[in-house]
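Q: Order-wise, the sequence lines are chains G and B.
Start counting the first sequence at 78; every next residue gets the next number (the numbering used here).
Start counting the second sequence at 78; every next residue gets the next number (the numbering used here).
Number of protein chains: 2
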Amino acid sequence: MQNVSTYKMKAAEVTDPFWQKYMEIVREEVIPYQWKALNDDVPDASPSHAIENFRIAAGEASGEFYGMVFQDSDVAKWLEAVAYSLENHPDPSLEETADEVIDLLEKAQGEDGYLNTYYTIKEPEKRWTNLRDNHELYCAGHLMEAAVAYYHATGKRKFLDIMSKYADYIDSVFGREGDKIPGYPGHQEIELALIRLYQATGKDKYLKLSQFFIEERGKTPHYFDIEKEARGDTSRFFWDNSYGYHQAHLPVTEQQSAVGHAVRAVYMYSAMADLAAITGSSELTDACKTLWKNVVQKQMYITAGIGSMEFGEAFSSDYDLPNDASYTETCASIGLVFWAKRMLGVEADAQYADVMERALYNGTISGMDLDGKRFFYVNPLEVTPEMSRRKDKRHIKPVRQKWFGCACCPPNLARLISSLGHYIYSQKNDIVYVHLYIGSKQQVDVQGQKVDIVQETNYPWDGEINLTVNPEQEEVFTLALRLPGWCNDASLTVNGEEIRQDAVLEKGYFYLRREWKRGDHVHLKLAMPIERIQAHPNVRENVGKIALQRGPLVYCVEEVDNGANLHNLFLPKNAKLSTSFDPDLLGGITVIHGEAERRDEASWGEDLYSNTHASTIPAPIKAIPYYSWCNREPGEMLVWMNETI
Amino acid sequence: MQNVSTYKMKAAEVTDPFWQKYMEIVREEVIPYQWKALNDDVPDASPSHAIENFRIAAGEASGEFYGMVFQDSDVAKWLEAVAYSLENHPDPSLEETADEVIDLLEKAQGEDGYLNTYYTIKEPEKRWTNLRDNHELYCAGHLMEAAVAYYHATGKRKFLDIMSKYADYIDSVFGREGDKIPGYPGHQEIELALIRLYQATGKDKYLKLSQFFIEERGKTPHYFDIEKEARGDTSRFFWDNSYGYHQAHLPVTEQQSAVGHAVRAVYMYSAMADLAAITGSSELTDACKTLWKNVVQKQMYITAGIGSMEFGEAFSSDYDLPNDASYTETCASIGLVFWAKRMLGVEADAQYADVMERALYNGTISGMDLDGKRFFYVNPLEVTPEMSRRKDKRHIKPVRQKWFGCACCPPNLARLISSLGHYIYSQKNDIVYVHLYIGSKQQVDVQGQKVDIVQETNYPWDGEINLTVNPEQEEVFTLALRLPGWCNDASLTVNGEEIRQDAVLEKGYFYLRREWKRGDHVHLKLAMPIERIQAHPNVRENVGKIALQRGPLVYCVEEVDNGANLHNLFLPKNAKLSTSFDPDLLGGITVIHGEAERRDEASWGEDLYSNTHASTIPAPIKAIPYYSWCNREPGEMLVWMNETI
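Here is the structure:
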């Protein structure tokens with residue numbers, strides 16, 4: 078088997094002003110806040126009890142389990158975020174705290190390796206009896222991911238060993254042979270985690286266990302039915318009694334379109350992509366590509382939000398993308414980043430990096446305010462605050478919330494942002510890929526030689542990228558630079574010499590093969606005009622509307638800049654649009670100004686319906702990057718604007 | 078007190094081709110079908126048990142109560158529809174059946190007058206303990222309405238006496254004095270019914286009891302809280318624990334906008350309007366006008382659908398009128414007709430008749446298919462069949478259903494349609510009003526003289542109306558003809574002589590005062606061009622869209638005529654529109670043809686988002702009256718079309 082671990086490269090050092098700010102916020106706000114929350118040390122938040130649960134399971138405290146059945150995963154995500162943070166920014170005190178938590182996990186672990194506080198404390202005899210609902214394998218997966226990250230960050234094996242022991246135990250319980258359990262989790266996660274554990278430890282059995290979970294899924298008779306019957310449970314499953322919710326309605330290689338809970342789906346697709354890359358399975362590769370195509374061509378918002386339905390936090394049907402009723406969970410866009418990264422392991426095609434970038438600059442970081450204190454679970458594309466009173470739009474919060482009872486999104490964002498250094502570059506043999514334009518330093522090992530790559534850019538505000546390549550000695554290898562899908566006009570030089578682009582471009586990457594020497598300078602310039610984007614005509618909700626995009630950033634208009642009743646703004650086809658960088662606004666953003674029209678409510682009168690036409694008045698508009706919305710006075714927001722009048 | 082009973086006039090004989098068809102369907106399809114349903118004689122429908130409940134309560138059968146707590150009201154609505162039908166179309170066998178049901182009611186009635194099968198059979202000791210939820214007074218009200226109608230239709234007093242006895246008993250139970258119950262119903266209906274009972278019997282105490290229920294409503298402490306505590310019920314009320322659902326959040330005269338369950342609301346407003354007209358209360362008159370203004374200027378669909386929210390079958394907030402997620406229950410539009418008719422009793426202003434007409438020709442009869450066999454509970458303005466799979470749009474059925482477990486709408490439509498003869502004319506002193514243009518013969522009594530009025534028209538297909546006035550002898554009185562709000566160009570002659578309209582027009586009525594003699598001929602011609610209607614700019618969902626209307630009819634486009642993806646149709650501002658009458662289509666309708674454009678899905682390619690613009694192709698469109706949609710192949714439908722491209 079070919080090991081194409083996307084994690085074998087050390088994390089790049091992120092020097093990018095845009096992202097450093099986020100990483101700092103995660104380090105200084107989110108991780109400490111989350112630690113307090115895990116320890117019930119936030120006065121006005123609902124208690125987490127997550128650390129206390131481990132103390133009780135470890136015999137260090139007495140009491141009852143409290144929280145969600147997946148409460149352990151909050152600790153796991155925190156540890157994983159801490160690991161990445163330490164990788165970027167050593168912090169002995171934080172590391173000590175993490176080590177103490179790891180000691181606690183060790184004590185909470187059973188002799189046999191089992192580690193789950195809900196079952197250990199509350200229903201020890203009921204282990205593995207409800208894989209569908211109870212998140213045991215999900216929690217195990219998150220702990221495995223954390224353990225691998227912590228091992229890479231600190232070199233310490235303890236946590237990795239704990240989780241290997243747990244994985245060994247799980248491997249002894251699940252499988253097709255003998256009286257092993259032929260089941261799989263209701264919430265996918267362990268599948269991708271086992272692959273990381275395999276990559277970190279080299280133990281094939283973890284890879285095989287992941288394959289087992291993936292291959293077993295959706296076979297008939299349904300394991301969820303079997304375990305349900307064994308439990309004596311005769312109730313209907315809430316999601317129309319369908320296993321589509323868990324993507325267990327069909328064997329994974331037969332699934333043609335994304336259905337069900339969006340986070341579960343993309344976590345599973347991530348594992349499938351890893352397996353496809355590692356095993357070279359053409360069935361899995363085809364399945365991944367089919368599902369990818371379905372998601373990005375039919376079920377993804379322009380912000381890279383996915384899951385257009387609150388019911389089941391789920392995908393809906395093709396082209397059903399309501400802007401004001403979407404679910405578009407922060408975690409789902411994060412999962413889309415995970416999947417995109419892994420698709421790049423299957424195939425170096427810039428379309429995957431395009432979506433990864435779209436998610437990173439739009440639908441993921443929109444989940445957090447600019448100071449890391451408040452979070453969106455749901456990231457709508459259109460908000461009218463009073464509409465959140467409608468039951469069918471109640472999930473659309475007009476302002477970010479402090480913390481969630483089900484605290485999945487904030488720690489997920491924390492681990493994504495602090496691991497950003499793992500997403501910028503990748504390597505396959507002697508090709509070094511640059512997927513994202515983020516100021517950074519990356520050391521790679523090409524043919525046994527160390528090569529330092531230094532990237533400097535003011536992305537996403539302008540499209541000028543400077544790369545310096547510093548091999549220890551002159552060396553022939555390929556540097557592959559992504560040409561973003563949004564860019565129609567790029568210039569590329571190496572040491573000042575223009576490159577004929579069509580000769581080196583393949584699937585969205587410029588392949589620069591040459592003998593590189595210290596100080597070689599690559600200059601890529603991506604034109605970043607303001608683009609007026611239309612949606613596919615099958616998207617009912619966006620007909621006659623456009624969204625503004627510049628570079629990777631999707632823009633929106635907010636009431637605070639443009640007044641109320643944003644739906645009455647119309648951007649004529651020939652409207653003048655211009656940009657300016659405002660260093661004092663929202664942490665420094667490029668603003669789009671435009672000459673729009675608005676239907677004049679004041680001139681209309683009282684009739685609800687009339688055969689007269691509303692008059693229009695000129696209305697200058699100001700659009701800001703979507704990610705930065707809801708950081709000033711609360712109010713309306715919209716991404717898709719009427720185009721003409 | 079001034080008695081302005083809108084029912085003192087006998088029903089007009091309806092000779093109108095458009096409405097006769099509906100009345101015939103109700104007589105020949107709906108009433109017989111409903112009778113079978115009430116007797117559990119429809120093989121594939123869920124059992125009603127409604128007649129059997131009365132048999133059990135009467136001691137003629139044994140068994141348990143079955144059905145909704147308001148099951149009795151199905152029998153009441155059937156009896157009421159039968160009464161109106163007999164009024165139009167005597168049918169001795171049907172009358173005999175009705176008489177037998179009335180005999181049964183008599184036997185089911187308690188010694189004290191109480192008549193409710195749920196409580197009599199199931200919880201006799203719990204009478205009046207849950208006015209909020211259990212519909213006791215609601216059922217009583219429907220039976221009273223039926224009794225009054227039956228009395229007027231047949232002259233037989235038995236049913237009226239039964240219900241008077243029940244009303245006397247209710248009057249002895251409810252009130253402010255002594256240990257009477259200071260409560261009021263959760264579902265309004267008895268308030269308007271008591272007024273009809275008062276008008277039929279002349280007994281003031283029924284009027285006063287109605288007043289009591291209306292005036293007591295919404296006072297603090299809330300009666301619903303008092304009875305809830307007495308029941309030991311500590312649960313939260315499902316509608317956000319708000320009494321707005323029952324319009325009991327404030328005293329009725331303090332209510333400024335329509336909230337809560339739409340049917341309950343308009344039934345209550347109907348009673349308020351009756352009381353305002355009868356008592357002359359300026360507070361009630363003001364409250365009615367305020368609420369009317371709120372509903373018709375801010376919360377009513379162009380089809381006269383009301384209730385834009387599935388949650389609680391309720392009003393939402395001002396201008397929140399989503400086309401594809403509305404509730405717009407058939408019964409709510411019917412209730413709006415009831416209310417509008419009664420507002421005409423408060424004040425002769427054509428705006429009330431305009432809404433009555435809008436509801437009659439659009440949002441009420443859309444609830445039934447053209448052969449009276451299938452029914453909509455919910456009347457959306459935009460349907461994409463596969464969207465009904467979304468949980469938040471699941472109430473939107475893409476096709477009419479056979480019958481409902483909660484069978485309120487079909488019998489409500491039956492009683493509305495068969496009582497149409499009561500809505501066309503009204504009289505105040507020596508003014509005879511013509512509110513609706515429906516072919517009919519009406520006999521009125523003016524100053525002790527009989528006057529026959531004969532109306533002939535091909536409405537709603539053309540706007541030519543001929544009225545012949547035949548007094549027994551020459552007599553001075555006023556004939557007041559409504560100028561519909563949709564009409565901008567009318568011509569009016571009496572015996573061929575042009576009338577100067579501005580001299581006789583007041584609040585939408587032409588007042589023709591003269592000495593009328595036999596054979597006088599009034600000719601009114603209402604121009605009926607195709608109108609392109611816009612919604613108020615505050616209606617987010619309709620921005621940039623228009624609806625086609627001609628005369629009183631709102632039009633829609635259906636997939637069967639226009640292909641799928643109706644959202645991609647754009648009607649340019651200068652689009653040519655024409656009409657033709659197709660006698661073979663949908664029972665004979667005027668079709669609107671237009672030259673539209675459509676965004677061409679086929680030319681777009683696979684991208685979900687692109688900076689290219691979808692090309693457009695010419696697309697002839699064919700629009701049909703909204704009421705007639707969903708009578709051919711199922712598919713998409715929409716009322717509000719994009720206006721330009």
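We treat Cβ as the ideally placed atom computed from N, Cα and C, and that holds for glycine.
This one's a predicted model, so the numbers in the text were calculated from it and none came from an experiment.
Tell me, which residues are paired with G:S568 by DSSP?
A: G:K602
Q: How should B:A427 be labelled, buried or exposed, when 16 other C-beta atoms within 10 angstroms of its C-beta is the threshold for buried?
A: buried
Q: At a CB-CB cut-off below 8 Å, which residues of chain G make contact with B:F388?
A: R467, K468, D469
Q: Give the DSSP-derived three-state secondary structure of B:M486 in the structure shown.
A: Per the sequence shown, residue 486 of chain B should be read as Cys rather than Met. Three-state result, B:C486: helix.
Q: So B:L368 is in the alpha helix (DSSP H); what residue range does that whole segment cover?
A: 359 to 375
Q: Please name the residue, chosen from B:E541, B:S347, B:L182, that lies closest to B:Y514 on a Cα-to-Cα basis.
A: B:E541
Q: Below 8 Å, how does it come out for the segment 334 to 342 of chain B and the segment 380 to 397 of chain B: are there three or more Cβ pairs, yes or no?
A: Taking 8 Å as the limit for Cβ pairs, the verdict is that the segment 380 to 397 of chain B does touch the segment 334 to 342 of chain B.
Q: I want to see whether chain B comes within less than 8 Å of G:Q97, judged by CB atoms only; does it?
A: The beta-carbon of G:Q97 is placed no less than 8 Å from the nearest beta-carbon of chain B.
Q: Could you round the C-beta distance between G:R595 and G:T555 to whole angstroms and report it? I think they count as a contact, below 8 Å.
A: Not really, about 17 Å apart at Cβ, beyond 8 Å.
Q: So, helix, strand or coil for G:E268, using DSSP?
A: The answer is helix: DSSP assigns G:E268 an H, G or I state.
Q: Apart from the five residues on each side of it in sequence, which residues of its chain come closer than 7 Å, Cβ to Cβ, to B:Y246?
A: D189, G190, Y191
Q: Between G:T441 and B:N688, what straight-line distance do the alpha-carbon atoms span, to the nearest angstrom?
A: 23 Å
Q: Mind listing which residues of the segment 676 to 693 of chain B have their C-beta closer than 8 Å to chain G's C-betas, in chain order?
A: R676, D677, E678, W681, E683, D684, L685, Y686, S687, N688, T689, H690, A691
Q: Since G:R617 contacts B:H644 with CB under 8 Å, what's their CB separation in whole angstroms?
A: 4 Å
Q: Please list, in chain order, all residues of the same chain as G:R471 whose beta carbon is under 7 Å from its beta carbon, the five residues on each side excluded.
A: S465
Q: With a threshold of 8 Å between beta carbons, is B:N456 in contact with chain G?
A: no
Q: Please report how far the alpha carbon of B:S358 lies from the alpha carbon of B:C365, in whole angstroms.
A: In this structure, the straight-line span from the alpha carbon of B:S358 to that of B:C365 is close to 11 Å.
Q: According to the neighbour-count rule (16 or more other Cβ atoms, all chains shown, within 10 Å of its Cβ), is G:Q730 buried or exposed?
A: Since the first residue shown for chain G is 78 and the last is 722, residue 730 of chain G is missing from the structure and cannot be characterised.
Q: If we count the other Cβ atoms within 10 Å of its Cβ and call it buried at 16 or more, is G:E710 buried or exposed?
A: It counts as exposed.
Q: Which whole runs of the alpha helix (DSSP H) in the segment 626 to 652 of chain G are 4 residues long or more, in chain order?
A: Listed in chain order, they are 636 to 639.
Q: Would you kindly work out how many angstroms separate the C-alpha atoms of B:I694 and B:R676, rounded to a whole number?
A: 7 Å
Q: Taking C-beta pairs closer than 7 Å, name the residues in chain B that G:A402 reaches, listed in chain order.
A: D469
Q: Report the partner residues of B:P697 according to the DSSP bridge assignment.
A: Answer is B:E672.
Q: Only counting runs of 4 or more residues, tell me where the alpha helix (DSSP H) segments fall wholly within the segment 167 to 193 of chain B, in order along the chain.
A: 169 to 185
Q: Do G:T534 and G:G516 have their C-beta atoms closer together than 8 Å?
A: yes
Q: For the segment 619 to 639 of chain G, enumerate the residues whose C-beta is nearer than 7 Å to any C-beta of chain B, in chain order.
A: V620, G621
Q: Taking only the alpha-carbon atoms, compute the straight-line gap between G:H600 and G:V511 and give it to the nearest angstrom.
A: 13 Å
Q: Counting beta carbon pairs with one atom in the segment 577 to 592 of chain G and one in the segment 660 to 668 of chain B, are three or more of them shorter than 8 Å?
A: no
Q: So that I know if they touch, is there some Cβ in chain B lying closer than 8 Å to that of G:D397?
A: Proximity of G:D397 to chain B, defined by a Cβ-Cβ separation below 8 Å, is satisfied.
Q: On a Cα-Cα basis, can you pick out the residue from B:P475, B:L352, B:Q478, B:L398 that is closest to B:W416?
A: B:L352
Q: Kindly list the residues whose CB is nearer than 8 Å to the CB of B:V103, restricted to its own chain and excluding five residues on each side of it in sequence; keep chain order.
A: A158, S162, G449, L490, A491, I494, S495
Q: When the Cα atoms are used, what is the spatial distance from B:N165 to B:G498?
A: 8 Å
Q: State yes or no: is the C-beta of G:E713 within less than 8 Å of the C-beta of G:T461?
A: yes
Q: Can you tell me where the beta strand (DSSP E) holding G:A557 begins and where it ends?
A: 552 to 559
Q: Would DSSP call G:V336 helix, strand or coil?
A: coil
Q: Using the DSSP secondary-structure output, state which residues sit across from B:Q520 in a beta bridge.
A: B:D529
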